[in-house]
Amino acid sequence: MRVNTLAALEEVNIQRNEFEKMLRFSRLMFQLKQNDHYITSLKEQLPATAAAMFDEASILMGYDFHLTNDGPRLIEINNNAGGLYIGRNQWMKQPVIAELAGTLEERISQMFPDTWQTIAIMDADVTEQYMYPEMQHYADLLRQAGRTVFLVSPENLELKADGLYVENQRIDGIYNRHTDFYLDTNELTHIRTALMAGDVALNPHPRSYALLGDKSRMVDWWHEGLLEGCLPSDDVAFIRSVVPEIHLLSACDRTQLWQERKAWVFKPAARHGGKGVVLGKAMSRKRFESLDHETTVVQSYVPASQIEHDDVSYKFDVRLYMHGESLIAVAGRLWRGQVTNFREDGSGWASLNI
């Protein structure tokens, strides 16, 4: 069975004030997502599917941070964050802090509405996913609470006149681990149809990704005037102190950018989890010239924290798992190499002491 990798250093200490800044930021993001001025300002940029599920907090939003001498810096917002199940029938150990009431299992279960009695946990080729064991344990947890749960790929869901069905049972809600957040691909057309008709709930949902997870939003937060119309000035300054400066490639002077490339990271706006990310210092001129102007974002480079363990240096970041303004869990990741992955010995997930 595939399981999430535990780092050689299974626990990492972080400062309380660092944690509080990350939590403040994550809660501010949910407040921003609910802000009428923010939504109206972005209306022309939002896909049609963002009209659905407009009041619901997303299940397990992941806020990923690097810790620097100047405080936490946001890496990305992950709409279907994984990593809490660590194998051997164990969930990631959590610190004993006031912000985490009850057990992790209780907090996870409470995110799923009572109206979701029949649930599909969905991903593309679900049984082939690296996180499939974790999804199985989410299913077991929900079944213990008396719910009916199916682990499905999109083709396992059948669209009927009143909604989506699996094995002749109508689905109340889909816990969405698929990364087509806007439901644009053909394989998700039936799910899009049911969602827009109000015949099924989906979480995480397109609206949440459109308002927070899409990297284009980080670009918007650096446009003078948008945040100022939504939040008090101290909150605006705080958000920009946490979000590294970021712009669309199309808005940059490419000649100057090439000369200063070592200070920047280049990312596809619509991808997640480090896919397609290139550090400017490692970029060839040919790759630079091939970047799409309209779909590439350019972000100020913030090096990951460094941790030494057994004379080996690891990069380190922190993830906060949120449901609205409620903290569900925290975890750290240790790795070696350019982007976050667990291919090197000693890399993996770590619990946090706060």
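Heads up: the sequence shown is residues 70 to 423, going by my numbering.
Using N, Cα and C, we set each Cβ at its ideal position, and we do this for glycine too.
Ordered along the chain, which non-local residues of its own chain (more than five positions away) have a Cβ less than 8 Å from that of residue i?
i: Y141; result: Residue identity differs from the one stated: residue 141 is Pro in this sequence, not Tyr. Around P141: E87, K90, M91, F94, F134, H135, V311, V387.
i: L257; result: P223, H247, D249
i: I240; result: T187, I188, A189, F219, L226, G232, L233, Y234, V269
i: W333; result: L326, G349, V367, Q368, S369, Y370
Here's the rule: buried if 16 or more other CB atoms are within 10 angstroms of the residue's CB, otherwise exposed. What is residue i?
i: G215; result: exposed
i: V195; result: buried
i: L403; result: buried
i: A167; result: exposed
i: A306; result: exposed
i: S374; result: buried
i: N255; result: exposed
i: N82; result: exposed
Distance, Cα to Cα, residue i vs residue j?
i: L66; j: N104; result: Past the edges of the chain, shown from 70 to 423, lies residue 66, and the structure says nothing about it.
i: Y278; j: Y251; result: 8 Å
i: M204; j: Q325; result: 46 Å
i: E113; j: L296; result: 17 Å
i: M265; j: N148; result: 20 Å
i: E125; j: K355; result: 44 Å
i: V367; j: T217; result: 44 Å
i: H362; j: S319; result: 5 Å
i: F123; j: D209; result: 28 Å
i: E175; j: R157; result: 19 Å
i: S359; j: D289; result: 24 Å
i: I308; j: L169; result: 24 Å
i: E293; j: R330; result: 24 Å
Helix, strand or coil: which one does DSSP assign to residue i?
i: T184; result: coil
i: Y199; result: coil
i: T137; result: strand
i: Y107; result: helix
i: I260; result: helix
i: M130; result: strand
Apart from the five residues on each side of it in sequence, which residues of its chain come closer than 7 Å, Cβ to Cβ, to residue i?
i: A76; result: L403, G415, S416, G417, W418, A419
i: C299; result: L101, N104, H106, Y107
Whose C-beta lies closer than 6 Å to the C-beta of residue i among residues of the same chain, with five residues either side of it excluded?
i: P399; result: Per the sequence shown, residue 399 should be read as Val rather than Pro. Hits under 6 Å: L389, L421.
i: G342; result: For G342, the pLDDT reaches just 49, beneath the cut-off of 50, and the residue's location in the model is therefore unreliable, leaving the point undetermined.
i: Q238; result: T187
Checking the sheet assignment: what are the DSSP bridge partners for residue i?
i: W333; result: S369
i: D303; result: None; D303 has no bridge partner.
i: S382; result: E377
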